[in-house]
Amino acid sequence: MSGRFSTGVVRAARSTLSCGIVGALLAVPGTAGADHLPAWLEPRLASVPDVGDAHAVYLLRERRLVSRAHGATSVRERGAVRVLDPSGSRWAAASVSYCRGTDALRSFRAWVVKSPGDVEQLGEHDATDVSVGGPLTLESDVRARVLAARDAPPGTVFAWESEIDQDPLLAQWEWSFTQELPVARSRFVLVLPEGFVADAHAWPADSIRVRREGSDLVWERRDVPARTVEPLQSGTYAAREWLAVSAHTTQSGLSVGREFESWHAVAAWSADLAAHQIETTPELRERALQLARGLENPMERAAAIGRFVQGLNYVAVELGLGRGEGYRPRAAAEVLRAGYGDCKDKANLMRALLAIVGQEAWLVPVFSSDRERVREPWPSPLQFNHCIIAIRAPEAFRSGPILESSPLGRVFLFDPTDPATAFGDLPRDEQGSLALIADAVRGDLVRLPTLPAEANQVTRNVRVALRDDGGLDGRLEELCQGQAEAVQYAAYARGAAAYQRGLESWIAASLGPTKVDSVAVLARPESGTIEVRAHFTTPAFAQRVGEAMMTFRPALLTPRDQEMPEDSTRRTPIALPGTAMHESVEISLPAGWTVDELPPKISLRSDVYTVEAECTNASDRIVFRRSWHTQPCVLPADRYPDVHPFFAALARSGQAPVVLVQRVR
Amino acid sequence: MLVGLLFAAPANAQGEWEPLSPSDFTGDKPVVSDASGAEALFWKTHVVDTFDDAGIKSIVSHYIRVRIFTAAGAQHFAQVRIEYQKRASYLSDIAVRTVNRDGSTLELSPREIHEDVAVRVGGHEWRAVTFAPRQVQPGSIVEYRWTETIFDAISHGIVIELQLEIPVRLVSVAIRPLPLSDDHMSVMPMNIGAAVNSVRGELRCDIESVPGIVDEPYAPLGLRSRGLLLAFYEPNEVPGRHFWTAYAGELQQSIVPLATPDAGVRDFAAGLVRGAGSFADSASRMVRGCRRTIRPLTEGELRSRIRHQLKPPTAAMTLADGRGTDLDACVLLLAMARGVGFEARLVLSESRADVPFREDLWFLGSLNVPLVALRSAEGWRFASPRERHGDWDLLPWACESATALMIGNDALETVQLPVTVRSRIERYADLSLSAEGTLEGEIRVRLGGHWTRDWLDHVSIAGDMDSTLRRICRWPTAALEISHLAARIEGEDSSWVALAAHVRLPGFAQVTSSRILLEPLAWNARTPPVFESTSRRQPVSFAFPWVVLDTLRIRLPGEFQVESGQAPDDVAADPVMTESVRLQGPDQDHVLVAVREQRIGGPDAMRVARGAYSVIKDAFDEVAKHDRFVLSLGRAAVGKR
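Have a look at this one:
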């Protein structure tokens, strides 16, 4: 979120600025005429690959890097996309991102080819140049130049070429062959100066071999399918073919960018960048002592400091990225003074405050949002996009995300950026991922701990009274812990009214139109729990079937935040979140009605899950109990047949109806 | 990036922080809306119109003071962004500070206020000033002020928005107009209750307890959902119809030479209508010809025309150029119609998403949609040559039921534009139900009227027919499998969109030990309620009226028959909504037919007052309940109850 603030004045004669910007982005004037096509493009125009039901297809994606011994690198990108149906029109566009200060965008052109005689060339005058900094970014050096076809009916080929001169920070590059669209031909080409060798890694392992074309090292793939999007993916990297390349030389004095031989080297470099950013100031000292006052236990002190740092606002400053500033936290004193920072700023501030109270801690670069992203064979800081902290943990401290035998000994992990995740918990997408402990001497890559399913527990109790007309009146009590709590707490932090609307929306989606009132939320972020109590009224829940029958689903409420894969096949690994759910629903029946059918009992278990559901009838009421439990793990796609029954059973337990009939009077 | 020059100038009259009072810090909950994480204590806007050797300019100063109540509120104001267009205006006198409960203040230095290019395209540049107030946390006050100087502009025909994302305790706007001899400034609040006072040459408007902007389903569209203040200069005489008559006369004088058909335009029109059998046929051909021939100007072309102060083109020039503004296209259609002997007039319409037209206000900006009226034997018919799709006389939905001025040779006529009732969604399904509860078969969807445009726009933006089909069918379940999806546009005017697909819904019907429980309305049965919230802040507004007609043929498994259940009663909340469901069968082939017809909105029911929300919600809730009605199918051996 940001305090985005337009001037509040709308001129009749001039659009609002935001409208103007949108209009400008959409407006892509072109120079009509039979412009010449580049030679590389012409052979590809006739190509119409068979790509099933895709809306468009990349005919070519190519990046060619020419690296020189003094470090300057030329990057040329070429691409062409064919629009296959009206929905594919939006792909007739290209963008090139560059970093101000270290990159020089030399040229960027595009061609819109609707037919052999209808070619439109787009150039600098047609391009839109935009800042890429997100809404939480104060300043950013990262910009993008965009070219787009004004219209691109099916059959159109949109091609582009860009050239950038770079002064690269690192002698490392990566290339994703898999895209959102199928790719007919994808190439990564590297030209290194004399004395350098390339060390490449490809995923899936060894799927792509290098070949030499003169001085060019070429990695190429043909007919790459579009990225597979399925529920319960740990991210996009497990489902893509990609390449990582590092350049190395043994000759002194030569460099095409910083090289890393090992994760130790990456850790040392990261630690060195941050080394001077924790210098103590009186303000830092005062704040640290204030936060730790009265707390004897070192982990209690760490928790107090962690909560303080999480409470600071998130604001990123993305300057000097090409010179490595994107990896260097701002000085702790400066972050404290400003009261805001990004992930590494916050982790570094926490490290500084901990140091003042005598606790050792290290920055830990991780990749947020995809635990499969970081690959051990390629030591590179390019693999991280987030930063957390590792704190030396005393032996007596047993709970939470603890790494028993890291290179730095026993450490406790904490994310000082995510205000919804309690001290003692770790965001779900970071658990089990590879991360780097940034220490100049003993730093190394480690696998972060995975918390057990019981750490993310939901206990839900619902009591309702069903009426003769199908309406019901009920009470919900729910206790969430761990990551289940984090999701609810993040929603609650946006405001009580918005939270109540969300609650209404969730219940209404399950039960039909519903009024929710008497909402009470007891959030204890320090202990990682949130308790919700609410009363709700649904005028039309159970369906009357004729005069003497009524039916309803006793599970009442759908699982919240539970992805449910329903396809019968699977192509990508399944990332099962660790979850434990215990649910009890008690439904008192209206007078004069009796149970005719109950859902069958469900009981299923395997090495990674259990699910139990049972509906019982006791005179004037029905009790539905359901619990399920999944072990946090990533399973290969071929294990899908083993876990699909779990999701099917869970869905069945939620859908299975109760049938009531009216007693014969 | 810091543009030092911008901030070097000394503060102007607004360049002082206003004193804080202890009451600014009292209370730990917002006053206007206790659900907000932050609340503006005030938001003051001061507008000064000036004139000097360099020309006219409007200087707009803002000052906002915000109290932070929650961590979410603090994060919301952790960073502030103000945008403007370079060369059209510039920002100055930017000051930012955080004040804590203990009275300590943290003011940003000019170096901490950043400016950068947000977007640059075609020689135009939009810039963004960003800053991050220090130590923003619950309990603190953040305040900032800035001045925007807008070149070549005065506060004539401007709309000042009076609402922010957060509630505001006091919105205060003051405008100092240019002292003119023949004209004076008028200020008019819209969609919000407020009084305007004249104080020492300034017009002032103070509004207390202004709620934050809220997002609700079927909210009034565009600016009609916001509190606004219109400001405009008008003649000293009381405005009224004679002003509009004079305006129409002037417009007519300028349009006549442009819309006079030359030989080329005549030939073009004559070629189009040759062989036409009726007025509607001729009109349709001309509108279609105009739509296909004239493409809209790009933003760059439009700006270039404004920058070079180019005169509006004649109809002949527009035809030759093949591109033009909405007004250019209308002028061409006028000329074409006149060229083949039709009586035609230019129409200026308000938009239901913009400032409403009022005859007693000299606010030209409210009539911002040009249309063309063509006289038929039955009366005037209206057309928009700029719409890409739909029947020739299907107006933009925002113009339907809108007030418009029809400009004739010697007269001015105010008209209420017609509302079409031809927007339809027709969904047809031919499905089979298996004994395991799976529904599978073919569906066809036809969209007409405004839904055609909605679909075409949505596909071009969202780019995914599959998700669009799910949206149209309101079939959110991930279990829906769609294959063989095909779409085509029907009719010469692209009046209809037809979609066809094979669908499969595993486990849609519930199978118990002795029954199948089937919701025969299929896609409607799993639709979430339209109005989820029990409270409402704004009126309910429909963009246009429409009809949904569903026909579902479901072949039941042979061994099952209908045991119990019947179609629900009709729902009638006239004139806003009606719904009826009819069941037929099953016949000897075990085919059950469910027909549902739903009408929403109507010529007289496009907008429903907030006070009637509970009535509307109850009606829609009743429909949701009915759409989920269940049939119990028993095995043949079970027999009928």
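Chains G and H are the protein sequences, given in the same order.
Position in the first sequence (first residue = 1) + 21 = this note's numbering.
Position in the second sequence (first residue = 1) + 6 = this note's numbering.
For glycine and all other residues, C-beta sits at the position ideal for the given N, C-alpha and C.
Computed from a predicted structure; not experimentally measured.
Beta-carbon contacts of residue i that lie in its chain and below 7 Å, excluding the five residues immediately before and after
| i | result |
| --- | --- |
| S539 (chain G) | A555 and H556 |
| A511 (chain G) | A441 |
| G345 (chain G) | L190 and L294 |
| C654 (chain G) | L597 and V629 |
| W403 (chain H) | H456, A549 and F550 |
| A541 (chain G) | R554 |
Nearest-angstrom Cβ-Cβ length linking residue i and residue j, presumed shorter than 8 Å
| i | j | result |
| --- | --- | --- |
| A75 (chain G) | P203 (chain G) | 5 Å |
| T302 (chain G) | A354 (chain G) | 4 Å |
| A600 (chain H) | V587 (chain H) | 7 Å |
| G516 (chain G) | S42 (chain H) | 7 Å |
| G256 (chain G) | R468 (chain G) | Contact doesn't hold; Cβ gap of about 16 Å is too wide. |
Any non-hydrogen atom of the ligand SAH closer than 6 Å to residue i Cβ
| i | result |
| --- | --- |
| E321 (chain G) | The ligand SAH is absent from the structure shown, which contains no ligand whatsoever. |
Close beta carbons around residue i, own chain, < 6 Å, minus the five adjacent residues each side
| i | result |
| --- | --- |
| A322 (chain H) | D268, G270 and V271 |
| Q504 (chain G) | R449 and N477 |
| G523 (chain G) | A512 |
| T320 (chain H) | L264 |
| M412 (chain H) | R351, V353, A379, E419 and V421 |
Chain H residues whose Cβ lies nearer than 7 Å to that of residue i
| i | result |
| --- | --- |
| P534 (chain G) | P535, D627 and A630 |
| Q564 (chain G) | R634, F635 and V636 |
| N334 (chain G) | A80, Q81, A84 and V142 |
| R522 (chain G) | S539 |
| S116 (chain G) | Going along chain H, no residue has its Cβ under 7 Å from S116 (chain G), so there is no contact; the nearest lies around 13 Å. |
| E317 (chain G) | Near E317 (chain G) there are no residues of chain H at all, since even the closest Cβ is about 27 Å away, more than 7 Å. |
Cut-off 8 Å between Cβ atoms - residues of its own chain near residue i, not counting five sequence neighbours on either side
| i | result |
| --- | --- |
| I423 (chain G) | A414, R431, V432, F433, L434 and P470 |
| Q380 (chain G) | P319, R322, A323, I412 and R413 |
| V325 (chain H) | Note that residue 325 (chain H) corresponds to Leu in the displayed sequence, not to Val. The answer, listed in chain order, is G270, V271, F274, T299, I300 and L338. |
| R344 (chain H) | A265, T266, P267 and A350 |
Chain G residues whose Cβ lies nearer than 8 Å to that of residue i
| i | result |
| --- | --- |
| T76 (chain H) | A514 and G516 |
Where residue i meets chain G, residues with beta-carbon distance less than 7 Å
| i | result |
| --- | --- |
| T540 (chain H) | K536 |
| T518 (chain H) | E618, P678 and V680 |
| G571 (chain H) | V566 and G567 |
Interface partners of residue i on chain H, CB under 8 Å
| i | result |
| --- | --- |
| L159 (chain G) | Q85, H120, T136, F137 and A138 |
Residues bridged to residue i (per DSSP)
| i | result |
| --- | --- |
| I160 (chain H) | Answer is none; I160 (chain H) lacks a bridge partner. |
| H650 (chain G) | G:A601 and G:T631 |
| Y520 (chain G) | Paired residues: none, contrary to the question. |
| Y119 (chain G) | G:R164 |
| F566 (chain H) | H:R641 |
| A265 (chain G) | G:E195 and G:H222 |
| R521 (chain H) | H:G640 |
Per-residue contacts from residue i into chain G (C-beta, under 9 Å)
| i | result |
| --- | --- |
| M471 (chain H) | H76, D106, P107 and S108 |
| V123 (chain H) | D150, V151, S152 and R164 |
| S42 (chain H) | G516 and A518 |
Quick check: the segment 419–428 of chain G against the segment 311–319 of chain G, are at least 3 beta-carbon pairs closer than 8 Å? no
Below 8 Å, how does it come out for the segment 235–249 of chain G and the segment 370–380 of chain G: are there three or more Cβ pairs, yes or no? no
Take every Cβ of the segment 348–365 of chain G, pair it with every Cβ of the segment 318–328 of chain G, and state whether three or more of those distances are shorter than 8 Å. no
Count the CB pairs spanning the segment 504–511 of chain H and the segment 610–630 of chain H that are closer than 8 Å, and state whether there are at least three. Here the segment 504–511 of chain H makes no contact with the segment 610–630 of chain H; the two share fewer than three CB pairs at distances below 8 Å.
Touch test, the segment 608–618 of chain G against the segment 662–671 of chain G, Cβ-Cβ under 8 Å, three pairs minimum: no
Are at least three pairs of beta-carbons, each pair with one atom in the segment 75–93 of chain H and one in the segment 127–144 of chain H, less than 8 Å apart? Yes: the two stretches touch, three or more of their Cβ pairs being nearer than 8 Å.
Kindly confirm or deny that the segment 675–685 of chain G and the segment 563–570 of chain G touch, where touching means at least three C-beta pairs closer than 8 Å. yes
Contact the segment 392–402 of chain G vs the segment 262–272 of chain G: 3+ CB pairs below 8 Å: yes
Quick test of the definition: if touching needs 3 or more C-beta pairs under 8 Å, does the segment 142–162 of chain H touch the segment 62–75 of chain H? Yes: the two stretches touch, three or more of their Cβ pairs being nearer than 8 Å.
Does the segment 174–184 of chain G come within contact of the segment 210–225 of chain G, defined as at least 3 CB pairs closer than 8 Å? Too few Cβ pairs lie closer than 8 Å, so no.
Examine the Cβ distances between the segment 164–177 of chain H and the segment 46–55 of chain H and report whether three or more of them are shorter than 8 Å. yes
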